[in-house]
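In the working numbering, the protein residues as written are 491 to 601.
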């Protein structure tokens with residue numbers, strides 16, 4: 491598995507959604523799962539077609555792997571590690587929001 495910085499980098503366009511998908515994988519447990527099942531388990535409104543690029547980013551970071559036929563995803567990480575990485579990505583999402591909204595925040599603080 492890659493280090494934490496690599497996981498954040500590979501998930502950088504969508505860290506919040508990636509966190510939700512990791513939580514879904516943690517709920518599902520061991521096995522190979524279709525994108526539809528992962529989305530359903532993650533309890534998000536994310537469409538399976540939107541989840542695939544995110545899962546591909548997680549695959550680059552060695553978090554999950556895609557099956558030969560490209561229909562299913564699996565991970566060798568245990569539930570606790572997936573939840574730890576989800577927490578890490580939620581923190582990255584918060585940082586991204588603060589960074590992009592900082593001019594608005596400065597205005598509010600200065601008032």
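The C-beta atom is built at its ideal place from N, Cα and C for all residues, glycine as well.
Item	Value
Report the option in 578, 583, 584 whose CA atom is closest to the CA atom of residue 493.	578
Thinking just about the alpha-carbon of each residue, which of 517, 533, 500, 495 is nearest to the one in residue 568?	517
Does the distance from the CB of residue 481 to the CB of residue 500 come in under 8 Å?	Because the chain in this structure spans residues 491 to 601, residue 481 falls outside the shown range and cannot be described.
Within a Cβ cutoff of 7 Å, which residues of the same chain sit near residue 504, ignoring the five residues on either side of it in sequence?	544
What three-state label does DSSP hand residue 574 in the structure shown?	helix
State yes or no: is the C-beta of residue 531 within less than 8 Å of the C-beta of residue 563?	no
CA-CA distance, residue 574 and residue 514?	13 Å
Between which two residues does the beta strand (DSSP E) containing residue 613 stretch?	The requested residue 613 does not occur in the structure, where the chain is confined to residues 491 to 601.
Near residue 496, which residues of its chain fall below 7 Å by C-beta distance, leaving aside the five closest residues on each side in sequence?	551
Terminal residues of the continuous alpha helix (DSSP H) containing residue 507?	505 to 518
Could you check where the alpha helix (DSSP H) with residue 539 kicks off and where it finishes?	538 to 550
Go through its chain and collect everything with a Cβ distance to residue 512's Cβ below 6 Å, but skip five positions before and after it.	572, 575, 576
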